[in-house]
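Novice: A single structure is presented below for examination.
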Amino acid sequence: MDYKYIEQLIDRYFACETSNAEERILKAFFSQSEVPAELQKYADLFCYEEEAHEDVLGEDFDQRVLSRLEADGDVLELHVKVKKMTFAERFRPLGRAAAAVAIVVLIGGSIHRAYVTSSIEPINQDGYATLNGGDGLEKAKDQTPVNAVLDNEKLATTTDSIGEASKVN
Amino acid sequence: MKEIDFRHDLLPLKDKLFRLALRITLDRPEAEDVVEDVLVKTWEMRNSPEMQEIKNLESYCLTMTRNLALDRAAKKEAQNVSLDELTDAGQGGTEDEGRPKIVPFQIADTSVLPDQRLEYEEKYQWVHDLFLQLPEKQRSVMQLRDIEEHSYQEVAEILQITESDVKVTLFRARQALKQLILSTKRNGL
């Protein structure tokens, strides 16, 4: 494998020409287990830099500092902040909740109504008629059940008569 | 700077401050004390007008950590009294029958115990020792740049020096390490 790029980065590192990102590349490269022999001498330096970052203070330190602050009479008012509230302020969250509920109810109600009315309402033939152009309106008006039956009868008789006529011929 | 919260703004900085303090004091309990002082001092000053002008709390705390650590290191240096001075002090005042009274004096052994060494220090002991050979300024620049990955500008702000000074110091530190690495490796270590 070609390690020209890494070698170049190392040279630039020692010349202080590398960016933070390039230095991270070097650390990542050397933290892998297989490093070519000729670069091995630098491996420990970058691994050390990487691992030195993990040197941390324990929980006992936190306790020590916090108890020192407490001993100094400095009780941390971190999570409990005492704040004077007016009557209106106190009920503001409640108002917000009520508003949220109202919105949900209103939207829910209107959706429900839209759904229910659309399923109950009979099919409006006006829409169908306009789709089929101007004269569709007249046709649609003729399309009552009685007319439909009559039309079909007419159709039946005509086809029958065509059949009969062809038989005759 | 907006209102500071101890647990959320200051306490999370402890590790970074500790690592910088440790680079300067080279002594873990001492470094812990420095960090504790920095955190408490910053917290107590949170309402002062000086604090309102701080833009970067982390840089501010790192600067304070370095200054306190340097103070402590200097004081410790001053405490290192020579043995001659000790016997002189013992002679003063209580001189009866013309014989100097020998005052038993015990000096605490502050060297690091083997079990106090951390894993990374043990594994990369020789690199750690190379770091110790660098002067403090170079160690601090290396710590902030190579270990904490700060930009040149941030390092300059923390150490209160110019950016070009940071680059020069870092260049010297890295070159010194390179030479040390090459000479160490050549000796077959």
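Chains as they are written, first to last, in our numbering: chain F, 47 to 215; chain Y, 499 to 687.
All C-beta atoms, glycine included, are put in the ideal place defined by N, C-alpha and C.
Can you give me the C-alpha to C-alpha distance between Phe-133(F) and Phe-107(F), rounded to a whole angstrom?
Specialist: So the alpha carbons of these two residues sit roughly 43 Å apart.
Novice: Tyr-94(F) and His-626(Y): beta carbons closer than 8 Å?
Specialist: Closer than 8 Å, so yes.
Novice: So with CB distances below 9 Å, who are the chain Y contacts of Asp-90(F)?
Specialist: What Asp-90(F) touches in chain Y: Lys-621, Tyr-622, Trp-624, Val-625 and Ile-679.
Novice: Which whole-angstrom value is the C-beta distance of Leu-566(Y) and Val-532(Y), which I expect to be below 8 Å?
Specialist: The Cβ separation is near 5 Å, so the contact holds.
Novice: Would you call the region 629–636 of chain Y and the region 540–556 of chain Y touching, i.e. three or more CB-CB distances under 8 Å?
Specialist: In short, these stretches do not touch, since the Cβ pair count stays below three.
Novice: Starting from Ile-656(Y), trace the alpha helix (DSSP H) both ways and give me its first and last residue.
Specialist: Run containing Ile-656(Y): 650–657, per the alpha helix (DSSP H) assignment.
Novice: Which residue from Arg-521(Y), Glu-501(Y), Gln-658(Y) and Lys-621(Y) puts its Cα closest to that of Tyr-558(Y)?
Specialist: The shortest Cα separation from Tyr-558(Y) among Arg-521(Y), Glu-501(Y), Gln-658(Y) and Lys-621(Y) belongs to Gln-658(Y).
Novice: Take Glu-530(Y) and list the residues in its own chain whose beta-carbon comes closer than 7 Å to its own, dropping the five residues that flank it on each side.
Specialist: Cβ within range, chain order: Phe-516.
Novice: Between the alpha carbons of Arg-521(Y) and Lys-573(Y), how many angstroms are there, rounded?
Specialist: When rounded, the distance between both Cα atoms is 16 Å.
Novice: Just to confirm, is the Cβ distance from Leu-524(Y) to Thr-563(Y) under 8 Å?
Specialist: Contact flag unset, no.
Novice: I want to see whether chain F comes within less than 8 Å of Ile-659(Y), judged by CB atoms only; does it?
Specialist: Judged by the 8 Å Cβ criterion, Ile-659(Y) is not in contact with chain F.
Novice: Sort Ile-502(Y), Arg-637(Y) and Tyr-650(Y) by Cα distance to Ser-546(Y) and report the nearest one.
Specialist: Taking only the C-alpha atoms, the option nearest Ser-546(Y) is Ile-502(Y).
Novice: Within 10 angstroms of the Cβ of Ile-56(F), are there 16 or more other Cβ atoms? Answer buried if so, exposed if not.
Specialist: Under this definition Ile-56(F) is a buried residue.
Novice: When you compare each of Arg-544(Y), Glu-647(Y), Val-653(Y) and Arg-637(Y) to Leu-508(Y) by their alpha carbons, which one comes out closest?
Specialist: When each option's Cα is compared against that of Leu-508(Y), the closest is Arg-544(Y).
Novice: Alpha helix (DSSP H) containing Thr-563(Y): first to last residue?
Specialist: Where Thr-563(Y) is concerned, the enclosing alpha helix (DSSP H) stretches over 555–577.
Novice: Tell me, please, whether the CB atom of Leu-103(F) is closer than 8 Å to any CB atom in chain Y?
Specialist: Yes, contact with chain Y.
Novice: Taking the straight line between their C-alpha atoms, what separation do you get for Lys-50(F) and Leu-103(F)?
Specialist: Approximately 39 Å between the Cα atoms of the pair.
Novice: Could you give the distance in angstroms between the alpha-carbon of Val-653(Y) and the alpha-carbon of His-506(Y)?
Specialist: Each residue's alpha carbon lies about 23 Å from the other.
Novice: Determine, using beta carbons only, whether Asn-66(F) and Ser-649(Y) come nearer to each other than 8 Å.
Specialist: Contact flag set, yes.
Novice: Hey, is Val-126(F)'s beta-carbon within less than 8 Å of any beta-carbon in chain Y?
Specialist: Model confidence at Val-126(F) stands at a pLDDT of 47, short of 50, so the residue's coordinates are unreliable; what they give is reported in the following sentence. No, Val-126(F) lies away from the interface with chain Y (no Cβ there is under 8 Å from its Cβ).
Novice: Note down, in chain order, all residues in the region 500–514 of chain Y with a beta-carbon under 7 Å from any beta-carbon belonging to chain F.
Specialist: From the region 500–514 of chain Y, only Asp-503, Phe-504, Arg-505, Leu-509, Lys-512 and Asp-513 have a Cβ closer than 7 Å to chain F.
Novice: Which term fits Val-126(F), buried or exposed, when burial requires 16 or more other beta carbons within 10 angstroms of its beta carbon?
Specialist: Low confidence applies here, because Val-126(F) scores a pLDDT of 47, under 50, leaving its location unreliable and the question unanswered by this model.
Novice: For a contact defined as C-beta to C-beta under 9 Å, what are the partners of Lys-87(F) on chain Y?
Specialist: Correct list: Ile-679, Leu-680, Thr-682 and Lys-683.
Novice: By the 10 Å Cβ neighbour count, where 16 or more other Cβ atoms means buried, how is Met-640(Y) classified, buried or exposed?
Specialist: By the neighbour-count rule (16 or more Cβ atoms within 10 Å), Met-640(Y) is buried.
Novice: Please return the same chain residues whose Cβ sits closer than 7 Å to the Cβ of Arg-670(Y), not counting the five positions on each side in sequence.
Specialist: These residues qualify, in order along the chain: Gln-636.
Novice: Quick one, which of Arg-159(F), Arg-110(F), Glu-69(F) and Glu-116(F) has its alpha-carbon nearest Pro-527(Y)'s?
Specialist: Residue Arg-110(F) is the option with its Cα nearest to Pro-527(Y).
Novice: Out of Glu-646(Y), Ala-674(Y), Ile-679(Y) and Trp-624(Y), which has the shortest C-alpha to C-alpha gap to Leu-511(Y)?
Specialist: Considering only alpha carbons, the answer is Glu-646(Y).
Novice: For Gln-673(Y), decide whether its Cβ has a neighbour in chain F, counting only Cβ atoms nearer than 8 Å.
Specialist: Answer yes: the Cβ-Cβ gap between Gln-673(Y) and chain F drops below 8 Å somewhere.
Novice: So the alpha helix (DSSP H) Glu-100(F) belongs to, where does it begin and stop?
Specialist: Taken as a continuous stretch (DSSP letters only), Glu-100(F) belongs to no alpha helix (DSSP H), as it is neither H nor E.
Novice: Helix, strand or coil for Ile-502(Y) per DSSP?
Specialist: In this structure, Ile-502(Y) counts as coil in the three-state DSSP scheme.
Novice: Spatial neighbours of Gly-591(Y) within its chain, please: CB distance less than 8 Å, with the 5 preceding and 5 following residues excluded, ordered by chain position.
Specialist: For Gly-591(Y), the pLDDT reaches just 44, beneath the cut-off of 50, and the residue's location in the model is therefore unreliable, although a value from the coordinates is still provided. Hits under 8 Å: none found.
Novice: Are the C-beta atoms of Ala-74(F) and some chain Y residue less than 8 Å apart?
Specialist: Answer no: the Cβ-Cβ gap between Ala-74(F) and chain Y never drops below 8 Å.
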